[in-house]
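Only one structure is covered here, and it is reproduced in the block below.
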Amino acid sequence: MLSSSSIRAIVDAYLDRHPGERGALAGLLDTLGRSGDVTSRTALPGHVTCSAVVVDRRRRVLHIRHRATDGLMLAPGGHVQPQDRTLLGAALREVREEAGIAPGALCLTPQLLDVPIDIDVHGIAASAAKGELAYEYYDFRYVFCLANEDAPAITLQDEEVSGARWVPLPEVTSPALRDKLLQAGVDGRPEPVNASAIIHDGHGRYLLHLRDANKPNIWEPGCWSLLGGGQEQQDETLLDTVRRELREEAELTVASLEPYAVEWVTGMDATSVPVQVFAGRWNGAPARLPLTEGVMLAWVHPEKFPYMTMLSSTRELLERHAAEHSPTAVVALVGAARTGSAGSPPGTVLNVVGVHLYLERDGQVLLGLRHPDSAFAGSTWHLLAGHCEAESATACLVREAYEEAGLVIDPADFELVHTVHMVNRPGAQPRINLVFRTRNWEGVPELKEPDKCVAWRWWSAKDLPEPIVPYARAAIEGITAGRNYSEMGWGQ
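Counting in the working numbering, the sequence shown runs from 20 upward without gaps.
Written out as structure tokens, the structure reads:
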């Protein structure tokens with residue numbers, strides 16, 4: 020059941036645009052102040068209904084002939100059903116049932132967004148024959164335009180509808196609706212009403228946002244996505260929208276944001292949503308941003324995209340941007356870093372930094388069995404681990420914990436408990452392996468990257484399995500003994 024408070028919020032947004040109609044809606048406001056379901060067709064002295072005003076590219080409005088209204092040509096609409104989560108969703112359901120137009124063929128208009136263009140008050144006379152008192156319909160009318168140039172085929176619901184016609188806007192049968200459509204300048208052409216940002220560092224990394232998975236009313240739940248959101252009344256342009264969203268979600272300011280592309284996605288109500296995508300450069304530490312929405316922000320290289328949970332449209336967009344912005348200078352910089360010639364003092368040898376997660380539960384530590392075809396330590400037990408990619412060690416471990424095992428960890432909860440400085444063989448590149456412990460995490464270990472890890476299991480820290488990566492054993496034994504540092508391979 021839709022709550023009266025959620026409907027009242029819609030009415031308040033409507034009255035912000037039409038303050039002169041407060042008196043006409045006094046009965047509705049009074050009804051919303053009482054207990055009960057105001058969307059029930061049995062609610063008296065009035066109840067809420069919904070209609071879908073569909074406008075095509077030729078500025079024509081879809082009208083259908085309802086059998087229940089003695090053949091009147093009206094916009095598709097009707098009563099709210101128990102399965103409807105929103106009034107907007109009820110309007111979409113009605114146009115699908117009565118005219119066969121799916122939500123994906125429609126999108127919201129930039130002039131109105133998700134606020135009704137009209138709330139029509141229609142009185143129904145008392146009927147002695149039916150034993151009914153007089154009552155009123157409060158019809159919430161939502162406007163949609165077609166996502167595609169061509170109008171979709173109309174499939175009528177025979178038991179309720181006897182005909183359909185696209186009516187030129189100046190001939191819309193409802194005078195109030197006609198006047199408001201003309202005043203709003205609705206032309207039936209879809210325009211972006213959402214904005215998002217591709218944020219990259221200019222060296223191949225992309226800032227991605229992991230969205231909440233289990234909270235209600237979350238778009239792209241549990242997915243990696245771009246920062247951004249929907250246009251609001253105070254936003255004069257979509258650039259204002261994306262800048263506001265970056266501030267609100269992460270107190271992030273990107274100095275230069277330029278339009279990059281318009282992408283189409285599916286919204287929470289299943290309508291098509293054109294999104295204006297901006298692109299800009301930023302080179303900071305995501306862990307230091309005060310994220311107010313979602314789980315985390317992280318720098319990600321494009322080669323990770325195929326293994327991450329994200330919409331295919333987001334992945335394709337990012338991969339296209341990466342292909343277009345792959346400067347040869349980045350290749351040169353990476354090569355210089357690998358040879359130690361990127362401005363390092365003479366004799367400097369760069370060390371690979373690996374981060375590892377020590378999760379302990381009732382005296383048992385979490386280990387993963389690496390895939391037999393793994394380039395490193397195939398069919399061998401190991402700590403959850405990863406390599407730092409021009410990011411802080413804790414940010415890397417937060418990212419790896421989620422990507423590999425679906426675990427969500429606050430970087431503030433990490434404690435460095437052991438370091439292993441090692442070489443695998445004489446002359447090999449040195450490695451610094453940092454092992455962090457946390458006592459707080461969300462989630463149960465799952466196989467998120469089955470091509471790398473085939474099992475997660477808890478093992479007694481005093482009875483570790485074989486085979487196990489030697490330096491992982493050294494780290495676990497060191498932690499158990501209270502040591503915080505080990506060296507391996509230097510004396511060979």
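Note that beta-carbon positions come from the ideal geometry of N, C-alpha and C, so glycine has one too.
Close-in-space but distant-in-sequence residues of the same chain around residue i (CB under 6 Å, 5 per side omitted)
i, result
"threonine 347", "Note that threonine 347 scores 43 on pLDDT, short of 50, meaning its location in the model is unreliable; the coordinates nonetheless yield the value given after this. Around threonine 347: no qualifying Cβ."
"isoleucine 487", "Trp400"
"proline 187", "Arg79"
"alanine 280", "Val296"
"aspartate 432", "Thr457, Asn459"
"proline 585", "The structure shown has nothing for residue 585, since the chain only spans 20 to 511."
"glycine 248", "Glu264"
"glutamine 250", "Val212, Thr260"
"alanine 109", "Cys69, Val99, Asp103"
"glycine 497", "His437, Ser505"
Cβ separation of residue i and residue j, assumed to be a contact under 8 Å, to the nearest whole Å
i, j, result
"threonine 438", "asparagine 452", "7 Å"
"cysteine 69", "valine 99", "6 Å"
"glycine 382", "arginine 389", "Between arginine 389 and glycine 382 the Cβ distance is about 24 Å, and since that is not below 8 Å, they are no contact."
"isoleucine 218", "glycine 299", "6 Å"
"glutamine 130", "glycine 204", "6 Å"
"arginine 230", "proline 240", "6 Å"
"histidine 320", "glycine 373", "Histidine 320 to glycine 373, Cβ: 16 Å. No contact."
"isoleucine 83", "valine 191", "No, isoleucine 83 and valine 191 are not in contact; Cβ-Cβ is about 13 Å, not under 8 Å."
"lysine 471", "serine 393", "6 Å"
Contacting residues, own chain, Cβ-Cβ under 7 Å from residue i (five flanking each side not counted)
i, result
"serine 332", "Glu282, Val284"
"serine 23", "Leu51, Val57"
"leucine 127", "Asp133, Phe163, Val212, Thr290"
"tryptophan 509", "Val442"
"proline 278", "Gln295, Phe297"
"alanine 121", "Arg115"
"valine 349", "Only weak support is given to the placement of valine 349: the predicted model assigns it a pLDDT of 39, under 50, and the value that follows is read from those uncertain coordinates. Around valine 349: His222, Gly223."
"serine 411", "Ala304, Ala306"
Element boundaries [beta strand (DSSP E), containing residue i]
i, result
"tyrosine 33", "Unbroken run through tyrosine 33 is the alpha helix (DSSP H), 23-36; no beta strand (DSSP E)."
"proline 187", "180-187"
"tyrosine 279", "276-285"
"aspartate 139", "137-143"
"glycine 65", "65-74"
"threonine 457", "Looking at the DSSP string, threonine 457 is not in any beta strand (DSSP E), and its letter there is neither H nor E."
"arginine 79", "79-85"
"histidine 320", "Careful: histidine 320 lies outside any beta strand (DSSP E) and carries neither H nor E."
"arginine 5", "Past the boundaries of the shown model lies residue 5; the chain is included only from 20 to 511, so the question cannot be answered."
"valine 374", "371-377"
Under 8 Å between C-beta atoms of residue i and residue j
i, j, result
"alanine 414", "alanine 306", "yes"
"arginine 476", "leucine 386", "yes"
"asparagine 236", "methionine 287", "yes"
"serine 215", "valine 261", "yes"
"threonine 423", "leucine 403", "One point to set straight first is that residue 423 is glutamate, not threonine, in the sequence displayed. Yes; because the gap between Cβ atoms is below 8 Å, this pair is in contact."
"alanine 94", "alanine 124", "no"
"threonine 328", "glutamate 268", "no"
"valine 436", "valine 454", "yes"
"glutamate 408", "tryptophan 301", "no"
"leucine 107", "isoleucine 26", "no"
"alanine 183", "leucine 81", "yes"
"serine 505", "alanine 493", "yes"
"glycine 207", "leucine 276", "no"
"tyrosine 154", "leucine 63", "yes"
"glutamate 168", "arginine 76", "yes"
"threonine 61", "glycine 119", "no"
"proline 209", "proline 293", "yes"
"proline 489", "methionine 507", "yes"
"valine 371", "arginine 450", "yes"
"leucine 227", "tryptophan 243", "yes"
"alanine 172", "tryptophan 185", "no"
"glutamine 176", "glutamate 255", "no"
Where the alpha helix (DSSP H) containing residue i begins and where it ends
i, result
"glutamine 250", "Neither: glutamine 250 is in no alpha helix (DSSP H) and is coded neither H nor E."
"glutamine 383", "Premise fails: glutamine 383 lies in the beta strand (DSSP E), 383-389, not in any alpha helix (DSSP H)."
"valine 473", "That residue, valine 473, is in no alpha helix (DSSP H); its beta strand (DSSP E) goes 472-479."
"glycine 46", "45-51"
"leucine 403", "Leucine 403 -> not in any alpha helix (DSSP H); beta strand (DSSP E) instead, spanning 403-406."
"valine 114", "106-118"
"aspartate 259", "257-269"
Cutoff 8 Å; reference residue i; Cβ partners in own chain excluding five residues on either side
i, result
"isoleucine 138", "Val30, Tyr33, Glu40, Leu44, Leu47, Tyr157, Asp158, Phe159, Arg160"
"glutamate 461", "Leu426, Val427, Ile428"
"leucine 308", "Ala269, Glu270, Leu271, Leu316"
"glycine 354", "Low confidence applies to glycine 354: its pLDDT is 45, below 50, so where it sits in the model is not reliable, and the reading given next is rough at best. Cβ within range, chain order: n/a, list empty."
"alanine 195", "Asp137, Asp139"
- Taking only runs of the alpha helix (DSSP H) that begin and end inside the stretch 187-249, which ones reach a length of at least 4 residues, in chain order? Counting only runs of 4 or more, we get 194-203.
- Fully enclosed by the stretch 425-469, which beta strand (DSSP E) runs are 3 residues long or longer? Annotation: the stretch 425-469 contains the following complete segments of the beta strand (DSSP E) (minimum length 3 residues), in chain order: 434-441, 450-456.
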